[in-house]
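Novice: Under my numbering, the first residue of the first sequence is numbered 4, with each subsequent residue one higher. Beta carbons are placed, not taken as given, at the ideal position from N, Cα and C, and that holds for glycine.
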Amino acid sequence: MGRIVELEAYIGEDDRASHARFGPTDRNRVMWGRPGTAYVYLVYGMYDCLNVVTEPEGRPAALLVRAVEPITGIEAMRMGRMNAVRGRRRATPEALEAERDRVERLPAARIARGPGLVAAAFSIDRSHTGLDLLDPSSPLRLEPAVAGDRPPQPVWTARIGVDYAGPPWTDRPWRLVDASSPAVSGPRARATA
DNA sequence: AGTTGGATGGTCT
DNA sequence: GACCATCCAACTG
Numbered sequence: 004m005g006r007i008v009e010l011e012a013y014i015g016e017d018d019r020a021s022h023a024r025f026g027p028t029d030r031n032r033v034m035w036g037r038p039g040t041a042y043v044y045l046v047y048g049m050y051d052c053l054n055v056v057t058e059p060e061g062r063p064a065a066l067l068v069r070a071v072e073p074i075t076g077i078e079a080m081r082m083g084r085m086n087a088v089r090g091r092r093r094a095t096p097e098a099l100e101a102e103r104d105r106v107e108r109l110p111a112a113r114i115a116r117g118p119g120l121v122a123a124a125f126s127i128d129r130s131h132t133g134l135d136l137l138d139p140s141s142p143l144r145l146e147p148a149v150a151g152d153r154p155p156q157p158v159w160t161a162r163i164g165v166d167y168a169g170p171p172w173t174d175r176p177w178r179l180v181d182a183s184s185p186a187v188s189g190p191r192a193r194a195t196a
């Protein structure tokens, strides 16, 4: 279990940074589905990324979960990280052993710092697309913050890795981080609003 | 602190 | 056939 400390919003077909810019396809169709649905895609041939559909049915929008601050189940998250590497094509036993060492020494705040690492830590892959993340009985689910949790320090910045979209989409302050968390993947300040 | 290049494969024009 | 909502190691200064 962990706390989501970094999100990016992708809203509408006109958002040139969003997968929805192509209209509905086999890959992105769930973005038009019910809010709370998981959308998981593969980037750069290697990393899965978890998104949560956010708008009512018919409007394509999702939040990319870019970083999670681990709270419990940290050893399971380390296992997830190592299993993700195990699935690679050219994974020699030596490289695997080195990775195991590295992941074991990783501070908790770095286990799920980055969208590809979030999916790896929680053992999420594309087969999870379509899951209802609001179902309280689901093993993978969203839960509201609990009273007494450290209050977040919200900061909005531009989205990361979307230069291909061009302005104004590259500049929209649609990345939300909790600046109080050490588990944020990119810049914590640089607010645009 | 910042830049560069390699890994790796699905998706779309 | 080009592009890509990434990550890490290996450089440079």
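1) Could you round the C-beta distance between A64 and G15 to whole angstroms and report it? I think they count as a contact, below 8 Å.
2) Alpha carbon to alpha carbon, how far is V165 from G119? Give it in angstroms, no decimals.
3) Do A41 and M34 have their C-beta atoms closer together than 8 Å?
4) In this structure, what does DSSP give as the bridge partners for N31?
5) Whether or not the segment 107 to 124 and the segment 77 to 94 are in contact is what I'm after, with contact meaning three or more pairs of Cβ atoms, one per stretch, closer than 8 Å; do they touch?
6) Assess, as a yes-or-no matter, whether the segment 64 to 79 is touched by the segment 174 to 193 under the definition of 3 or more beta carbon pairs within less than 8 Å.
7) Please report the Cβ distance between R6 and I74, rounded to the nearest whole angstrom; I am assuming they are in contact, meaning their Cβ atoms lie under 8 Å.
8) Drop a sphere of 10 angstroms on the beta-carbon of T132, count the other beta-carbons inside from all chains shown, and report buried for 16 or more, exposed for fewer.
9) Buried or exposed, going by whether 16 or more other CB atoms sit within 10 Å of the CB of G26?
10) If you compare alpha carbons, which of E78, A111, A20, L53 is closest to I127?
Specialist: This is what the structure holds:
1) Contact flag correct, Cβ pair sits at about 7 Å.
2) Taking the straight line joining both Cα atoms gives about 15 Å.
3) Contact: no.
4) Paired residue(s): none; N31 is not in a bridge.
5) The count of Cβ pairs closer than 8 Å, one atom from the segment 77 to 94 and one from the segment 107 to 124, reaches three, so the stretches are in contact.
6) Taking 8 Å as the limit for Cβ pairs, the verdict is that the segment 64 to 79 does touch the segment 174 to 193.
7) Sure, about 6 Å apart at Cβ, within 8 Å.
8) Classified as buried, T132 has 16 or more neighbouring CB atoms from the shown chains inside 10 Å of its CB.
9) When all chains shown are included, G26 counts as exposed.
10) I127 has its Cα closest to that of L53, out of E78, A111, A20, L53.
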